[in-house]
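Quick notes on the structure that follows.
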RNA sequence: GAUUCCGUAGCUCAGCCGGUAGAGCAAUACACUUUUAAUGUAUGGGUCCUGGGUUCGAAUCCCAGCGGGAUCACCA
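Residue numbers (the numbering used here): 280 to 789.
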């Protein structure tokens, strides 16, 4: 193993610590009593008539964290420790932590052998220094874990200027632990993401939903049009697929008598990666019996409004250069109207050849395998999709590209489906779900024909799913939310990798 | 997958019309004994992504590969 000079020095220090009889990785718990932020926000003192200060709280505290900045001196030192919530200054006086003649703990351990990144625990009382900084006067100091690699040292001055930030994107993603440790604001992105998910979960639970788990390993990868990852079960000697969606399983549960189920589903798709696609990603799907897609639009816009209000206290959220308003209700427009609005072309009565001609006219590439539905989707994607910045429900898609969706109650050739577009991207996809088993079987068979025409993303027939439907499936509406995309919106990030702790990377090839 | 840019010390970067490497922070030592990105002086630290090629000589030019970013295409 190749070690840098600094790593060698730290290993030597580690040995010296051991030689002093100090365990660099002690086992006993450290009784943390407060967090940095509790102290920084809660410290109180009063100034007496004679001008002296009287500390009112935090007479005994115990904190643990990483040593991040040290300004050692001969008899007293200042340093910062960083815990999960922030940084706080500590004041270490030699004669306090070494009350006897033996000053080793201060002179050697603290001044010589501790490094940036080491975990320490301190006990003492809180005071305000003469420069006005709330600090911990340390009475007792414990090494909790020695760090053998040097962290990047990122410094911020009082004007908020950052010096020597750890910015290499590849290193930040590969060593997210370092990114989280040294770069301010990274944790906040993930905390916001977690809060967003919590708001959604609470909202669903408040409306009577049941959170469920369904298989990740599936015999038939159903519920979406996508290329799956394939794996193999040794004992059964069968191929298994990592799920591309959980839709068909949640619907089986509705058949079984639940009326509102949801799952945060990690899905896997063996397709390209870019700043909005990771091979594994999270989709929230939920299904509600006896509802239709109009109900789902109402429910969805209220949910998003609630997320915005909870995270930001307002419905207006800054996303890139845009201010996005999550104030319900959202605009609703059918896909055919949207295309007409953006291009002036009315394609509602066109057949496959007519659509092909429109594509040619608009310089959109087509494949012979594309059916009518796919062509309409291509036209929408090329001409209209990106222009929907404010939340908009695009409704009433062609039946060909929606094999799991109920036929529209009044518009022939269309289905009761909507996609929610925000900032030019699809965030959610929902239907009045198809529950007619005869129709469902026919739709699957059309998918088989598409597959034979060369569409490698057409759906497989799931006979068990059809069987379930034949037992009777109540009418319902369902939706899938791209949780990562939603997290990008609500944290103002333009790359999916910034909202995933560990985005997919190639091997480092050691 | 295509195009394009990038890969130099622990971190951030300079050096790139070829002459075998520099800065700041970090580290080490000494001095100073202190506050708040940054005290001073000195020192150490590099398979310049990897492998080939051109050349007397390659971090620098050429080719291939590996890894990453951006844009485009497909997909959520």
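The beta-carbon is built from N, C-alpha and C at its ideal position, and this holds for glycine as well. For clarity, every value in this text was computed on a predicted model and none was experimentally measured.
query = Nearest-angstrom Cα distance between residue 364 and residue 316?
reply = 6 Å
task = Assign residue 471 to one of two classes, buried (16 or more other C-beta atoms within 10 Å of its C-beta) or exposed (fewer than that).
result = buried
Inter-stretch contact at 8 Å, needing at least 3 Cβ pairs: the stretch 695-715 / the stretch 662-681 = yes
task = Taking 8 Å as the threshold, find out whether the stretch 620-631 comes into contact with the stretch 647-667 through three or more Cβ pairs.
result = yes
request  = Please classify residue 790: does DSSP put it in a helix, a strand, or coil?
outcome  = In this structure the chain extends from 280 to 789, so residue 790 is not present and cannot be described.
query = Does DSSP put residue 669 in a helix, a strand or coil?
reply = coil
request  = Put residue 523 into one of helix, strand or coil per three-state DSSP.
outcome  = coil
query = For residue 784, does the count of other Cβ atoms within 10 angstroms reach 16, so buried, or fall short, so exposed?
reply = exposed
ask   = beta strand (DSSP E) containing residue 421: first to last residue?
value = 413-424
request  = Less than 8 Å between the CB atoms is what I'm expecting for residue 753 and residue 523, so what's the real figure, rounded?
outcome  = The pair is not a contact, with the Cβ atoms about 25 Å apart (cut-off 8 Å).
inquiry  = Suppose only complete runs of 4+ residues qualify. What are the alpha helix (DSSP H) ranges in the stretch 600-632, listed by chain order?
reply    = 614-622
message = Tell me the DSSP secondary structure of residue 441 in three-state form.
response = strand
task = Name the residue from 427, 455, 425, 462 whose alpha carbon lies nearest to the alpha carbon of residue 443.
result = 462
task = Count the CB pairs spanning the stretch 428-444 and the stretch 360-375 that are closer than 8 Å, and state whether there are at least three.
result = no
message = Count Cβ pairs between the stretch 327-342 and the stretch 399-417 that sit closer than 8 Å; are there 3 or more?
response = yes
request  = Give the secondary structure of residue 674 by DSSP, where H, G and I count as helix, E and B as strand, and everything else as coil.
outcome  = strand
request  = Note down, one range per segment and in chain order, each beta strand (DSSP E) of at least 3 residues found wholly within the stretch 341-365.
outcome  = 355-361
ask   = Can you tell me whether DSSP reads residue 759 as helix, strand or coil?
value = strand
ask   = Taking the alpha carbon of residue 665 as the point to measure from, which residue in 629, 643, 644, 702 has its own alpha carbon closest?
value = 702
task = Use the C-beta contact count for residue 397: other C-beta atoms within 10 angstroms, 16 or more gives buried, fewer gives exposed.
result = buried
task = Could you check what DSSP says for residue 301 in three-state terms: helix, strand or coil?
result = coil
query = What span of residues does the alpha helix (DSSP H) with residue 575 cover, start to end?
reply = 572-591
query = Can you give the Cα-Cα distance for residue 789 and residue 778, rounded to whole angstroms?
reply = Below a pLDDT of 50, predicted positions are generally treated as unreliable, and residue 789, at 46, falls in that range; the measurement from the model is reported next regardless. Rounded to the nearest angstrom, the two C-alpha atoms are 27 Å apart.
ask   = Shortest alpha-carbon distance to residue 700 belongs to which of 560, 453, 580, 638?
value = 580
ask   = How long is the line joining the alpha carbons of residue 566 and residue 531, rounded to whole angstroms?
value = 10 Å
query = In whole angstroms, what is the alpha-carbon distance linking residue 449 and residue 302?
reply = 35 Å
query = In angstroms, rounded to a whole number, what distance separates the CA positions of residue 492 and residue 387?
reply = 55 Å
key: the stretch 759-775 contacting the stretch 507-521, beta-carbon criterion three pairs below 8 Å   = no
request  = Evaluate residue 283 with the Cβ neighbour count: other Cβ atoms within 10 Å of its Cβ, from every protein chain shown; 16 or more gives buried, anything less gives exposed.
outcome  = exposed
Secondary structure of residue 465, DSSP reduced to three states = helix
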